[in-house]
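Read the structure below first, then the notes.
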Amino acid sequence: MSTLTLAAVHTKYNLLETMRVPIAVIGSLVFPTLAFCLFVLPQRMVVDEPDFATAAIASMVVFAFMSASLFSIGLDMAEQRSKPWWPYLRTLPGSPAARLIGLMSATLIISILAMIPLLIVGGIFTSAAVQPGELFAAIGLAILTAVPSALLGTIIGTTAGPKAAIAITQVAMFLLAFGGGLFLPPILFPEWLDLASKFLWVREAREIVIAAALGQSAPLWAVVGILAWTLVLGALAVWLYRRDEGRRYR
Amino acid sequence: MTALVHTEDLTRRFGDTVALDGVTLDIHAGECVGLLGPNGAGKTTLLSLIEGLRLPTSGVVRLFDGDPRTPASRSRLGSTPQATALPEALKVREVLRFVASHYPSPGPVDRVIAEFDLEPLLAKQCGALSGGQQRRVAVALAFVGDPRLVLLDEPTTGLDVDARRSLWDAVRTRHREGTAIVVTSHHLEEIEQLAERVVVIDHGVVQADDTLAAVVAGVSRRRVTLRGVSAEGVLALDPDATVTTDPDDGVVTAVVSDSDALIRALVASGAPFTDLTVRGASLEEAFLTITKGAMV
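Quick mapping for you: the protein sequence lines, in order, are chains R and V.
According to my numbering, the stretch in the first sequence is residues 1 to 250, in order.
According to my numbering, the stretch in the second sequence is residues 251 to 546, in order.
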């Protein structure tokens, strides 16, 4: 069986397992929309200005993908790795990549579903106006630019135990979201922070998705930066996964 | 013909601990090998190296003449997860299908369902199964991929007698049809039921590798308990005995290979012993004696 077919099987069973705990699914689906309603909708200045509103929705989409990637993948893997089912799966024939891709795509699928209510609320209650072509480009790019965060999730998942993974993920998510300009728009950043932020893939993802939603072309530095991050984090994730021998205790 | 598993001077260390120390072993098609040894002897480490879960510190391990770390080498290998490891939210049928989808040419799932009597469990979530049922599913998973070699690590731990027997029957049927089996256990009975060849491992070293009958004769020991004679007194009569004294009640326990000779010697020496009991030593006790140095 090819790696991709097997990855699809892993995706299917991952989703099946998630669906068996409905509250977890509902939580993931509602969270981005809820955050949007609480933090963005009350700001009239943002809501009434079409470009600001579009940028705010795009930021929230990027944030939703990032947090889902970090939390679902990192915590799930750390949790699974601490159980004996995980080493058993490694004794089966089939590429380890299939397992990683399966976990990542299951998470992405849930995130895509979670994006739908967010886009509906954004479309109805703000002045954001996006052309259909640009909307689909922005959605596609939001998925693609979530890959480095998903890879970071697998890195945390393969290096940390379940409890450590929660702590690391929370800190990482907060730093990345703030540094990436998802909490405060980078316009408000001091110059040095703005510069530093441009080296973070989350900021790069934000710029790319906003540019697509507004029908502009993405800045070159963002595209180059996020590709570099994807390669580096991807190589690191594969390397760590290969040398992983299960959870270690001292 | 090349061996299914070939190891040569295989060594694995964890920090300062040597889990496996220069193990050289071949397992051939159709064999049924019992891997015996006390806890921490290195049995599970050996299996994890064959399964490609861990890397050797030094030495060679080959599986179907390939590197066990390469997925393709494992396409005819079956193994079991620990019983508690099944994904709780998935149903038994789903777990069987999920595992089968990893193999290039899995056997019919229905066959495994019949062999291990899984029909009544198929629609249940794994989390709802009893310990014994989980164990049955876990062992069945090893056969889902129509393997030529199956590794069973303590397959019937925690099962009652009936469940154990029916599991052994299913495994034996597969063995008769040509699947090679490697089974680890503490239970001598389990090894006696399944294995034809026995490999004894302790302190990471192969202590014995022989037919079942030869090894069982070598490890069989008797356990003698008595009062009124000191540990030194017993050792003087049988220098190969493993002797311990219970500090609370003064009962001396001796694990020996020839209890008859010891008792004849005790009587002849006129020692004032009381409360004499003799019974077969457990495998664990027998191993302690063997690893003291008096090897088969």
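Think of the CB as a built atom: it goes at the ideal place given N, C-alpha and C, for glycine as much as any other residue.
- T334(V) belongs to the set of residues whose beta carbon lies under 9 Å from a beta carbon in chain R.
- Taking 9 Å as the CB threshold, Q375(V) lines the interface with chain R.
- It is roughly 12 Å from the alpha-carbon of V400(V) to the alpha-carbon of A388(V).
- Judged by their CB atoms, T145(R) and I73(R) are not nearer to each other than the 9 Å cut-off.
- Pairing L118(R) with M77(R) gives a Cβ-Cβ distance that is not under 9 Å.
- Per the C-alpha coordinates, the member of T527(V), E344(V), R312(V) and N289(V) positioned closest to D276(V) is R312(V).
- For V238(R), the enclosing alpha helix (DSSP H) stretches over residues L220 to R243.
- Contact residues of the segment 285-312 of chain V toward chain R are S298, E301, G302, L303, R304 and L305 (C-beta to C-beta distance below 8 Å).
- In the assembly as shown, A196(R) is an exposed residue. Its beta-carbon has fewer than 16 other beta-carbons within 10 Å.
- For the segment 77-106 of chain R, the set of positions with a beta-carbon nearer than 7 Å to some beta-carbon of chain V reads K83, P84, W85, P87, Y88, R90, T91, L92, P93, G94 and S95 in chain order.
- Close to S325(V), with beta-carbon spacing below 7 Å, are these residues of chain R in chain order: P93.
- In this structure, G382(V) places its C-beta atom within 9 Å of the C-beta atom of D410(V).
- The beta carbon of G292(V) lies closer than 7 Å to those of A269, L270, I451 and G454 in the same chain, with the five residues before and after it left out.
- Looking at the DSSP output, L402(V) shares a beta bridge with V433(V).
- Non-local beta-carbon contacts of T330(V) in its own chain, meaning distances under 8 Å to residues more than five positions away in sequence, involve A388, V389, L391, A392, L401, L402, D403 and P405 in chain order.
- When only Cα atoms are considered, T320(V) and V502(V) end up about 53 Å apart.
- Counting only runs of at least 3 residues, the segment 451-516 of chain V fully encloses the following beta strand (DSSP E) elements, listed from N- to C-terminal order: 455-461, 472-477, 492-495 and 502-506.
- According to the DSSP secondary-structure assignment, D276(V) is paired through a beta bridge with H256(V).
- Put simply, the CB of Y241(R) is far from chain V, with every gap to its CB atoms at 9 Å or more.
- The Cβ atoms of F52(R) and M60(R) do not sit closer than 9 Å to each other.
- Rounded to whole angstroms, P397(V) and S325(V) show a C-alpha spacing of 8 Å.
- Among the residues of chain V, none has a CB under 7 Å from the CB of V238(R); the nearest is roughly 14 Å distant.
- Using beta-carbon distances, R20(R) counts as an interface residue toward chain V, with a partner under 9 Å.
- DSSP, reduced to helix, strand and coil, places D266(V) outside both helices and strands of the structure shown, so it counts as coil.
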